[in-house]
Amino acid sequence: MTGIRDAMVYSELEEIVGQEHITAAEPQRLVYSTDWFWLPQMWLDRGEELRKPDAIVHPATVGEISEIMKVANTHRVPVIPWGGGSGSQGGGVPLYGGILLDTKRLNRILEIDQKSLTVTAQAGINGTQLEWALNEKDLTLPHYPASANCATLGGYLAPRGSGTISTKYGKAEDLVLSMEVVLPSGDVIRTPKVPNHAAGPDYMRLFLGSEGTLGIITEATMQVDYQPETRRFRALLFEDLGKAIEAGRQIVTKRLDPTVIRLYDRNSTVTQVKRVLGYEYEGAYMVIGFDGDADISALQEAKAMEICTELGAQDLGSEPGEAWWNHRYDFYYPPQTLMLPWMYGTVETVSTYENIERLYWAEKKAVESTYADWDVEYIAHFSHWFHWGTMSYSRFIVKSPPEDAREALQLHNRIWNTAMTAVIENGGMVNEHHGVGLKLSRFMRRQHGAAWPMLEGIKNTLDPNGIMNPGKVGFGAPK
Amino acid sequence: MTQPIATLENCRYCLMCRHVDPLSHVTFDEALTPHGIALTIASQKRGLIDWDDATIELVFSELDNDNARAHCVTDQPFSDAVAAIKAELVEAGRMPPAVRKMQEQLETHGSAFGNETFATESVRSDVGLFVSDEAHTLRPGAVEAAEKLLGALGHNPAKVGGGRNSGLLATSLGLTEVARKHARALLDEVEAAGATRIVVLGPGDRFALTGVLSERLGMPLPEGIQVVELSELLAEALQNDALDLDTTDAPGPFAYVDPTFAVRAPDRHDHPRHLLQSVWGEPPLELFWRRERAHPVGSGAIRFVRPDIAAKLTDARLEDASTRGAEIVVSDDPATLWQLEMRAEAHGLQVQGLFELLAERLS
Chain A
587 MTGIRDAMVY SELEEIVGQE HITAAEPQRL VYSTDWFWLP QMWLDRGEEL
637 RKPDAIVHPA TVGEISEIMK VANTHRVPVI PWGGGSGSQG GGVPLYGGIL
687 LDTKRLNRIL EIDQKSLTVT AQAGINGTQL EWALNEKDLT LPHYPASANC
737 ATLGGYLAPR GSGTISTKYG KAEDLVLSME VVLPSGDVIR TPKVPNHAAG
787 PDYMRLFLGS EGTLGIITEA TMQVDYQPET RRFRALLFED LGKAIEAGRQ
837 IVTKRLDPTV IRLYDRNSTV TQVKRVLGYE YEGAYMVIGF DGDADISALQ
887 EAKAMEICTE LGAQDLGSEP GEAWWNHRYD FYYPPQTLML PWMYGTVETV
937 STYENIERLY WAEKKAVEST YADWDVEYIA HFSHWFHWGT MSYSRFIVKS
987 PPEDAREALQ LHNRIWNTAM TAVIENGGMV NEHHGVGLKL SRFMRRQHGA
1037 AWPMLEGIKN TLDPNGIMNP GKVGFGAPK
Chain B
108 MTQPIATLEN CRYCLMCRHV DPLSHVTFDE ALTPHGIALT IASQKRGLID
158 WDDATIELVF SELDNDNARA HCVTDQPFSD AVAAIKAELV EAGRMPPAVR
208 KMQEQLETHG SAFGNETFAT ESVRSDVGLF VSDEAHTLRP GAVEAAEKLL
258 GALGHNPAKV GGGRNSGLLA TSLGLTEVAR KHARALLDEV EAAGATRIVV
308 LGPGDRFALT GVLSERLGMP LPEGIQVVEL SELLAEALQN DALDLDTTDA
358 PGPFAYVDPT FAVRAPDRHD HPRHLLQSVW GEPPLELFWR RERAHPVGSG
408 AIRFVRPDIA AKLTDARLED ASTRGAEIVV SDDPATLWQL EMRAEAHGLQ
458 VQGLFELLAE RLS
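Chains A and B, in that order, are what the protein sequence lines are. First residue of the first sequence: 587, per our numbering; consecutive thereafter. First residue of the second sequence: 108, per our numbering; consecutive thereafter.
Laid out in C-alpha cells, this is it:
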C-alpha cells in the first residue's frame, strides 16, 4: 500500500486481525489477483499485469469481519471475499484493488446434529475436509462439485453451485437451512435454522447467488444424508442426442430419482471421454446412477434401463458407468483438463425440456458458424436434471487463440456474446451453477430485464458505498 | 530427472490438491499452496515478479512432503520441480540466509545437526541399516533399537549413511552439490558392505534412497538393491511368527502419527499400526490427517526456513491427537519424533518411539 490513506487502512486492519494475518507482500498480491477464470489467468500467462489487491486479510472470527467492513466503509475501500479461489467466473478478481478477505481461517465444524441430519460449519471450511469429517459419522453432504477439493462451504453457496449428484439431492442452495451473514455495514444477521417457514420473504435466498456483493457468508447449516447403502452406475450409448435427452426427461419425470444422469454429446464423447476415461465410443455416452437402499436402487435402475432401451440406447454395462464415477474429477487435472494456452469457456445454460435441445443446437450453431475461422470446438454434457428441464454444460475451445492478450480478450468476449445471445433468445439462462462473477456481469441487465432495477435497489440499500466485490454480478464500480 | 517448468506450468492453475495441502492448512495463505508457489515461479519466468527476499522465501517454504503428488491424478512431481527451482536459485547465489547457513553446515560437517557423523565399519552384510543425521543425532536410541530388532530377525546389519544428511533435506533446500557428495559416499558404503537390502527407519529415508537418489540426483542405487522400511520387515516377521513381542496394556490412549512421505507409500500404512496393536493389545487411535492424507509435522526443511510454520504443523498434529483422545503419540521416523517431543508437553501428550518400544518388548 502506498500513501497515507492506504497506510491508515492497513494499520486499522492490522489492529483487527493481527500482524500475522495481514499482508501486502508481492507474491501474495500476485497470487490473489486471479481466481480460476480463464481471462485473468490468460492475462498473467501472457505476461500482463493484473490489478492486485492492496492487502490480504485472514480474519478468524465474525467479529473481525464485521470490524473490517466498518473500516472498509469508512474509507470506501473495496472488499473482495475469497474462499478457495476456485470460481470460474472471476468473482474473486480484485478489479479495483482493495481488501481481499480470505475466509479460510473460519474453518471449524460447529455442530453435527445426527438426529436432525444437519451440519453447521464456518464458511471457510474446505469442501472435502468437511465431507471427510461427516464420513467419519457415516454421513455425507450430498454436494459433490468438481471443485470440492479446493472450494469452501461459503464458495458452494455464494454462487449457487451444483454438484455431481444434484439431480437427486439438489444444488447447494437446496441443501442450506440457515446462514450467518456479515452485511456491508458490519451488522451480523442469522437466518432461522428451521427446515422451512412462511414467516415472510425468505431473505436468506438473497445472499445465495450474491457472490459477496451483498455481504459475506460466514456460517451455514446444511442438510446432510446418511451415506448410501449402495451406489450403482450404468453406461449407455445413444445414436441420437435428442432421444438421450428424452430418456433423461422420462427417468426424472417418472420420479425414478436418479442420483446422476450424465449425458455427453458426440463431440464430448469422442474427445473428453476418450481422453480421460479411454473409451472410444461414437455417439452420446450417458451414465445413470442410483443410490440408497440396494433393492430400491436396483429396481430404479431396471426401470430406467427399460426407458433407455425403448429409446434405442445401447447398454454398455456397469463398468463404464463405475469408471466414470470413480474418475469424475480426473477431467479437471492438468494436463488433461482444458488449459492455457488454449482459450475456453463454459457457456452453460439451463432451460425447460421444451427448449433445451433447441437451445443446445442454437448455441452450438451460433458458436461454430461464427468462429469457424478460429476452428472453434463446441462440446457439451447435460449433467444437472430437474423435473422441468435440464442444463447444458456447453463449452467452447479455441486451440490457437491470438497471442496478444488484448486480442485474445476481444475474441473471448465476442464468443461469449454470441453464445449468450443464443441462450437468451432461445429461452435459456446465462448460467445454471457457476455464478456470474465478472464474466457474465454485462449480461445481467439483459437477462433480468425489468427486475434488474429492483436488484440494483437492494444492492444500493445494503451496500450504499458499493464496496462489496465491485464489478461483479452486474453491479458496478465502487462509489 | 524432473522437467520443472512443465510441471509448474501444469500446477500453476490447478487447485485439485488443496484439500491435502499441509502448508496452507496452517497458514491459510493461498500463495503457499502448490498453485500459489507454481504461479509465483511461472510469473517470475514471465517477468511479473522479481526474485526478491519475499519471493525467494516463499519458494523455499515449499514443504517437500509430496502430498500434492500423492493426490495428483496425473502424477505431477510438484515437490521435485520446486526442488529443481531451489537448486537454480542456490546456484545463482539467491537463497535465504538459513539455507546459506545450512549449506555451510552440510559442507563442513555432513550433518544438519551438529558435527557428529561416523565412519562406517568394515562389516559386510547383505542387510544395510541406513543411519541418517536425524537418526544418528536426534534419536540414537532408535538406531540401537533397530539393530536389536534386526538382530532378533537374524540379521547383523552393516550401518550405512554415516550419520550424514540423507539428501532429502539438502535437495529440499536446493543444495544439490552437497547432496551428490553424500550420495556418492553412500553408494560407496553400500558397495563396500555388499548389502542387497537397505533397511530404513521411515518413509522419508525410503524416499531419500529412492526418489531423491534417482529422480533428483540421477544417482540411483545399483539395480537389485531393495530399500525396505524396518516397520515392514517387523510386521512381516510378526505375521510369519518369526518375531515374538510381549503384550501389555497401553499406558494410556495412544495415536500413531504417520511421518513425512508416508502418503507416497500407501503399502506401509498398516505396518506400524499392526506392530503397535501387537504390543499394546489394541489399534492406535487414528488422527484426522492419517494414512493416505497424512500431514507431516514440521520436520523437514521448513524448520530451518520457517520455524514458525514448522511449529504450527507440529502443533496441528498434536492437537489432532489430543482431540481424538490420545495421551501418547507414537511414530517411527526420528525427525518426526524429535519435532513432536519439542512441543508435546504443551499439549499434555507423551511421545513414544515405535522401535524403542518394540525393542523393549522383544521376548
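Using N, Cα and C, we set each Cβ at its ideal position, and we do this for glycine too.
Contacts with chain A at 8 Å (Cβ-Cβ) include B:R153. Bounds of any beta strand (DSSP E) do not take in A:P1056, whose DSSP letter is neither H nor E.
Sequence-ordered contacts of the stretch 167 to 192 of chain B with chain A read C179, V180 and T181 [C-beta pairs closer than 7 Å].
At the C-beta level, A:V984 and A:W1002 stay beyond 8 Å of one another.
Listed in chain order, the positions of the stretch 919 to 939 of chain A with a beta carbon within less than 9 Å of a beta carbon of chain B are Y919, P920, P921, Q922, T923, M925 and L926. In chain order, V297, A302, T303, R304 and I305 place their CB closer than 8 Å to the CB of B:I332, counting only its own chain and leaving out the 5 sequence neighbours on each side. In summary, A:E868 is exposed, with fewer than 16 beta-carbon neighbours lying within 10 Å of its beta-carbon over all protein chains present. According to DSSP, A:Y742 shares a beta bridge with no other residue. B:G143 reaches chain A at V617, counting residues in chain order whose Cβ is nearer than 7 Å. Per DSSP, the unbroken alpha helix (DSSP H) holding A:V953 starts and ends at Y939 to T956. Excluding the 5 residues flanking it on each side, A:P787 has no same chain C-beta neighbour closer than 8 Å. In this structure, A:R591 sits away from A:A646, with a CB-CB distance that is not shorter than 8 Å. The beta-carbon of A:A991 is placed no less than 8 Å from the nearest beta-carbon of chain B. Beyond the five residues adjoining it in sequence on each side, A:W629 comes within less than 7 Å, by CB distance, of L636 and A991 in the same chain, given in chain order. Apart from sequence neighbours up to five positions away, the residues of its chain that approach B:M326 with a beta-carbon distance below 6 Å are A290 and L320, ordered along the chain. Within the stretch 633 to 659 of chain A, contact with chain B at the beta-carbon level (separation under 7 Å) is assigned to G633, E635 and H644. The contact set of A:T714 on chain B, defined by CB atoms closer than 7 Å, consists of H126 in chain order.
Per the DSSP secondary-structure output, A:N712 pairs in a beta bridge with A:T738.
In its chain, beyond the 5 residues on either side, C118, R119, Y120, C121, L122 and R125 have a beta carbon closer than 8 Å to the beta carbon of B:H142. Nearest to B:I148 by alpha-carbon distance, out of B:L170, B:A253 and B:A188, is B:A188. Taken through DSSP and simplified to helix, strand or coil, A:F876 comes out as strand. A contact is defined here as three or more CB-CB pairs under 8 Å, and the stretch 851 to 867 of chain A meets this definition with respect to the stretch 907 to 920 of chain A.
Taking 9 Å as the upper bound on Cβ-Cβ separation, chain A lies near no residue of the stretch 191 to 211 of chain B. Near chain B, meaning a CB-to-CB distance below 7 Å, no residue of the stretch 862 to 881 of chain A qualifies. Contact annotation for A:D916 against chain B: V180 and T181 [CB-CB distance below 9 Å, chain order]. Nearest CB-CB separation between A:G671 and chain B: below the 8 Å threshold. By the 16-neighbour rule on beta-carbons within 10 angstroms, A:L703 is exposed.
For A:Q996, the number of other beta carbons within 10 angstroms of its own is below 16, and it is reported as exposed. Secondary structure at B:Q346: helix, using DSSP grouped into helix, strand and coil. Residue range I435 to S438 is occupied by the beta strand (DSSP E) that includes B:S438. In this structure, the CA atom of B:A466 is about 21 Å from the CA atom of B:G270. For A:L739, the nearest beta carbon of chain B is not closer than 8 Å to its own beta carbon. Within the stretch 616 to 642 of chain A, not a single complete beta strand (DSSP E) segment reaches 3 residues in length. Interface residue (Cβ-Cβ distance to chain A less than 8 Å): B:A362 is not classified as such. Residue pairing for B:K266: DSSP places it in a beta bridge opposite B:L236.
The beta carbons of B:G217 and B:T224 sit about 5 Å from each other, so the pair counts as a contact at 8 Å.
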